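Colleague:
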Amino acid sequence: MTRVGRAIEKGETQGLMKAVVDAETQRILGAAILGPGGDEAVHGIIDMMNAGLPYPVLRQAVPIHPTVSELIPTLLGDLAPAQ
Amino acid sequence: MSESRYDAIVIGGGQAGPPLAGRLAAAGMKVALAERHLVGGTCVNTGCMPTKTMVASAYAAHLARRGPDFGFTAGEVRVDYARVKARADAVSATNRDSIAAWLEGMANCTFLHGHARLEGPDRVRIGGELLTAPRIFLNVGGRAALPELPGVHDVPSLNNSTLLALTERPAHLLVVGGSYVGLEFAQIYRRLGARVTVVERNPRLIGREDEEISEAVRGILEAEGITIRTHAECIRLMNHHEGVAIGLDCADGPPEVSGSHVLLAVGRRPNTDDLGLEAAGVATDKRGYIPVDNALATNVPGIWALGECNGRGAFTHTAYNDFEIVAANLLDGERRKVSDRIHAYALFVDPPLGRVGMTEAEARATGRPILVSRRR
Chain A
35 MTRVGRAIEK GETQGLMKAV VDAETQRILG AAILGPGGDE AVHGIIDMMN AGLPYPVLRQ
95 AVPIHPTVSE LIPTLLGDLA PAQ
Chain B
45 MSESRYDAIV IGGGQAGPPL AGRLAAAGMK VALAERHLVG GTCVNTGCMP TKTMVASAYA
105 AHLARRGPDF GFTAGEVRVD YARVKARADA VSATNRDSIA AWLEGMANCT FLHGHARLEG
165 PDRVRIGGEL LTAPRIFLNV GGRAALPELP GVHDVPSLNN STLLALTERP AHLLVVGGSY
225 VGLEFAQIYR RLGARVTVVE RNPRLIGRED EEISEAVRGI LEAEGITIRT HAECIRLMNH
285 HEGVAIGLDC ADGPPEVSGS HVLLAVGRRP NTDDLGLEAA GVATDKRGYI PVDNALATNV
345 PGIWALGECN GRGAFTHTAY NDFEIVAANL LDGERRKVSD RIHAYALFVD PPLGRVGMTE
405 AEARATGRPI LVSRRR
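Listed in order, the protein sequences are those of chains A and B.
Letter 53 of the first sequence, counting from 1, is numbered 87 in our numbering, and no numbers are missing.
Letter 369 of the second sequence, counting from 1, is numbered 413 in our numbering, and no numbers are missing.
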């Protein structure tokens, strides 16, 4: 998390976050957030999956800055086909 | 022979039991809840609560050592293990006492202390008393499994329960099993000042996770001075003048590690072996778990299984959700299903890993077209 502002500010930059999405249905299939507050931040995605909404809805959310959770819309904006 | 009739019997005071008893009793049923040891189950007594309390102590000590990174010095950090343990014990006890008081004062509910054993599909013996009910809810939980490793019966070993009961911090803790339980304890004890070595037979830690997650967690732990030995084949335990030794044939590194204590964190088993299930005709799978349908019903009408013993989740939040499903279906006319539950959990190392749904590897295995994003 060396590019996550809040992690840098806290001096805790170890970790990463990732998300996996179904390319056709646009539903989030899963995610991992390893980093400061990762156990809490992942609930943004847990709640999204329970709501059953397509990922662009979450990509357009306006999160609080500076938080780890604010990277979730950014993460979903960088989705690319699995290599 | 005395025989007491109830509308419902709940066996086990773990996290699904008391709330279920509460809902059933509030609906006017005459309810009995039996607990053979401590209410609150694994979570309150030997799981989430004491360990996360210790994670907090370990984090505070770790941060104090990092003072210079933040512009201060706290001097030499000395851990008073007795006080760390007392803090964890107090958090557990407070919650346990609260649950016990709730059950003791619950209207329409009889709280029984004793081991329950089924004697038929509608009858349970608890101590000398025979209880009957048309509804029986098995919430018996699980415990650490003792792996059949060579030497396991020859050396003293610890599990999550007995490690937490130690009054002195191990000088050098060997952890067999590089998965969720083992890694949390490894980091806790390292930060509390112990030497720690983790031995895992698989090529990487937390093998259910994507490889990059496993590697990132490994890096975090190794950076704190935890020794990690993966690819450990032929793990065997031996007595050693230092305490205990583990033999391992790894691809690299010395073929033996020794320490003062060994924690065996290699899986769990359900508490279904002394429950009289055969007398009631309740089926179990080959590992002892009780198969249930989507409404948590067992193969015997009138008997349900909730929590870790049904093999559908080994977490407090899945156990509690089991209660919610059963209560909604029996009392609220709903048709909720276990299969609607989206799998989520965390690994409480620091920094923690929050997880939901599929890994990338699992998503790939479905054959569906997928998109992936990662940020480091």
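Ideal placement from N, C-alpha and C gives every residue a C-beta, glycine not left out.
Please read these numbers as outputs of a predicted model, since none were measured by experiment.
1) Contact defined as beta carbons within less than 8 angstroms: I believe B:Gly57 pairs with B:Val83. What is the distance between those atoms, to the nearest angstrom?
2) Which partner residues does A:Arg40 have in the DSSP bridge list?
3) If you measure beta-carbon to beta-carbon, which residues of the segment 399-418 of chain B are closer than 9 angstroms to chain A?
4) Give the residues from the segment 55-89 of chain A that approach chain B closer than 8 angstroms (Cβ to any Cβ), ordered along the chain.
5) Note down, in chain order, every chain A residue with its Cβ under 7 angstroms from the Cβ of B:Pro396.
6) Tell me whether the beta-carbon of B:Leu70 lies closer than 9 angstroms to the beta-carbon of B:Phe367.
7) Using a Cβ-Cβ cut-off of 7 angstroms (strictly less than) and excluding sequence neighbours within five positions of B:Arg234, which residues of its own chain qualify?
8) Using the C-alpha atoms, what's the distance from A:Asp56 back to B:Arg473?
9) Can you say whether B:Lys129 is buried or exposed, counting buried as having 16 or more other CB atoms within 10 angstroms of its CB?
10) Strictly under 9 angstroms for the Cβ-Cβ distance: is A:Gly49 near chain B by that measure?
11) According to the neighbour-count rule (16 or more other Cβ atoms, all chains shown, within 10 Å of its Cβ), is A:Glu46 buried or exposed?
12) Please classify B:Thr154: does DSSP put it in a helix, a strand, or coil?
13) Kindly list the residues whose CB is nearer than 6 angstroms to the CB of B:Ala209, restricted to its own chain and excluding five residues on each side of it in sequence; keep chain order.
14) Which runs of the beta strand (DSSP E) spanning at least 3 residues fall entirely within the segment 71-95 of chain B, listed in chain order?
15) Which of the residues in the segment 237-258 of chain B, read from start to end, lie with their CB under 9 angstroms from any CB of chain A?
16) With H, G and I counted as helix, E and B as strand and the rest as coil, what does DSSP make of B:Gly287?
17) Closest by CA to B:Thr362, which one among B:Val382, B:Ala215, B:Gly346?
18) Starting from B:Glu192, trace the alpha helix (DSSP H) in both directions and tell me its first and last residue.
19) 9 angstroms is my cut-off, CB to CB: does B:Ala390 come that close to chain A?
20) I need the straight-line Cα distance from B:Glu256 to B:Thr97, nearest angstrom please.
21) With a threshold of 16 other CB atoms inside 10 Å of the CB of B:Glu322, please say whether the residue is buried or exposed.
22) Between which two residues does the beta strand (DSSP E) harbouring B:Gly401 extend?
23) So what does B:Trp348 bridge to, in DSSP terms?
24) Using DSSP bridges, identify the partner residues of A:Ala114.
25) I'd like the list of long-range same chain contacts for A:Ile113, defined as Cβ closer than 6 angstroms, with 5 residues on each side in sequence excluded.
26) Considering Cα atoms alone, identify which of B:His275, B:Glu212, B:Gly351, B:Ala324 is closest to B:Pro178.
27) Find the residues of chain A that neighbour B:Phe114, judging by a C-beta separation of less than 8 angstroms, and give them in chain order.
28) Look up B:His305 in the DSSP assignment and say whether it is helix, strand or coil.
29) Output the residue ranges of the alpha helix (DSSP H) runs that lie fully inside the segment 102-143 of chain B and measure 4 residues or longer, sorted by chain position.
30) Would you give the residue range spanned by the beta strand (DSSP E) that B:Ser48 belongs to?
31) Report all residues from its chain with a CB closer than 8 angstroms to the CB of B:Ala309; omit the five preceding and five following residues, and keep chain order.
32) Just grab the DSSP bridge partners of B:Thr271 for me.
33) Should B:Val306 be counted as a contact of the ligand SAH given a C-beta to heavy atom distance under 8 angstroms?
34) The alpha helix (DSSP H) with B:Glu173 in it runs from where to where?
Modeller: By the coordinates alone:
1) For the purposes of this step, residue 57 of chain B is identified with residue 13 of the second sequence, where counting begins at 1. For the purposes of this step, residue 83 of chain B is identified with residue 39 of the second sequence, where counting begins at 1. About 4 angstroms separates the beta carbon of B:Gly57 from that of B:Val83, a gap short enough to meet the 8 angstroms contact definition.
2) Position 6 of the first sequence, counting from 1, holds the residue named residue 40 of chain A. Note: A:Arg40 sits in no beta bridge, so no partner.
3) Those residues of the segment 399-418 of chain B that come within reach of chain A (Cβ to Cβ, closer than 9 angstroms) are Arg399, Val400, Gly401, Met402, Thr403, Glu404, Glu406, Ala407, Arg408, Thr410, Arg412, Pro413, Ile414, Leu415, Val416, Ser417, Arg418.
4) Val55, Asp56, Ala57, Glu58, Ile62, Leu63, Gly64, Ala65, Ala66, Ile67, Leu68, Gly69, Pro70, Gly71, Gly72, Asp73, Glu74, Ala75, Val76, His77, Ile79, Ile80, Met83, Asn84
5) As a position in the second sequence, residue 396 of chain B is number 352, starting the count at 1. Those within 7 angstroms of B:Pro396 in chain A are Gly72, Asp73.
6) On the second sequence, residue 70 of chain B is found 26 positions in, with the first residue counted as 1. On the second sequence, residue 367 of chain B is found 323 positions in, with the first residue counted as 1. Note on residue identity: the sequence assigns Ala, not Leu, to residue 70 of chain B. Not a contact, by the Cβ cut-off of 9 angstroms.
7) Locating residue 234 of chain B in the second sequence gives position 190, where the first residue counts as 1. Once the five neighbours on either side are set aside, the close Cβ partners of B:Arg234 are Val240, Glu268, Gly269, Ile270.
8) For residue 473 of chain B there is no data in the structure shown, the boundaries of chain B being 45 and 420.
9) As a working note, residue 129 of chain B is residue 85 in the second sequence. Buried, by the Cβ-count rule.
10) In the first sequence, the residue the question calls residue 49 of chain A occupies position 15. Yes, contact with chain B.
11) Here the question's residue 46 of chain A lines up with position 12 in the first sequence. With 16 or more other Cβ atoms within 10 Å, it is buried.
12) On the second sequence, position 110 is the one that residue 154 of chain B refers to. Reduced to three states, the DSSP call for B:Thr154 is strand.
13) On the second sequence, residue 209 of chain B is found 165 positions in, with the first residue counted as 1. No residues qualify anywhere along the chain.
14) Those beta strand (DSSP E) runs which fall completely within the segment 71-95 of chain B and span 3+ residues are 75-79.
15) The residues in question are Glu253, Asp254, Glu256, Ile257.
16) One-based indexing of the second sequence puts residue 287 of chain B at position 243. It is a strand residue.
17) Looking up residue 362 of chain B in the second sequence gives position 318. Comparing Cα positions, the closest option is B:Val382.
18) Position 148 of the second sequence, counting from 1, holds the residue named residue 192 of chain B. Counting along the chain, B:Glu192 falls outside any alpha helix (DSSP H), and DSSP gives it neither H nor E.
19) Here residue 390 of chain B is taken as the residue at index 346 of the second sequence, counted from 1. True, the Cβ-Cβ gap to chain A drops below 9 angstroms.
20) Locating residue 256 of chain B in the second sequence gives position 212, where the first residue counts as 1. Locating residue 97 of chain B in the second sequence gives position 53, where the first residue counts as 1. Here the alpha carbon of B:Glu256 sits roughly 28 angstroms from the alpha carbon of B:Thr97.
21) Numbered from 1 along the second sequence, position 278 holds the residue referred to as residue 322 of chain B. Exposed: under 16 other Cβ atoms inside 10 Å.
22) Sequence index remark: in the second sequence, residue 401 of chain B carries index 357 (1-based). 397-401 is the span of the beta strand (DSSP E), which, as asked, contains B:Gly401.
23) For the purposes of this step, residue 348 of chain B is identified with residue 304 of the second sequence, where counting begins at 1. Beta-bridge pairing links B:Trp348 to B:Phe181, B:Ala341.
24) Start at 1 with the first residue of the first sequence, and residue 114 of chain A comes out as number 80. The partner list for A:Ala114 (beta bridge, DSSP) reads B:Val416.
25) As a working mapping, residue 113 of chain A is identified with position 79 in the first sequence. One point to set straight first is that residue 113 of chain A is Leu, not Ile, in the sequence displayed. Val55, listed in sequence order.
26) To locate residue 178 of chain B, count along the second sequence from 1; it is residue 134. Ranking the options by Cα distance to B:Pro178, first place goes to B:Ala324.
27) Numbered from its first residue, the second sequence carries residue 114 of chain B at position 70. Simply Gly45.
28) Position 261 of the second sequence, counted from the first residue, corresponds to residue 305 of chain B. Strand, per DSSP.
29) 111-114
30) The residue labelled residue 48 of chain B in the question sits at position 4 within the second sequence. First-last of the beta strand (DSSP E) with B:Ser48: 47-49.
31) For the purposes of this step, residue 309 of chain B is taken as residue 265 along the second sequence, with counting starting at 1. Within the same chain, B:Ala309 has close Cβ partners Ala188, Asn203, Asn204, Val219, Val220, Gly221, Ser223, Val225, Gly226, Phe229.
32) By one-based count along the second sequence, residue 271 of chain B stands at place 227. Answer by DSSP bridge pairing, in chain order: B:Thr241.
33) Among the ligands in the structure shown, none appear at all, so the ligand SAH cannot be discussed.
34) Numbered from 1 along the second sequence, position 129 holds the residue referred to as residue 173 of chain B. Counting along the chain, B:Glu173 falls outside any alpha helix (DSSP H), though it belongs to the beta strand (DSSP E) covering 173-176.
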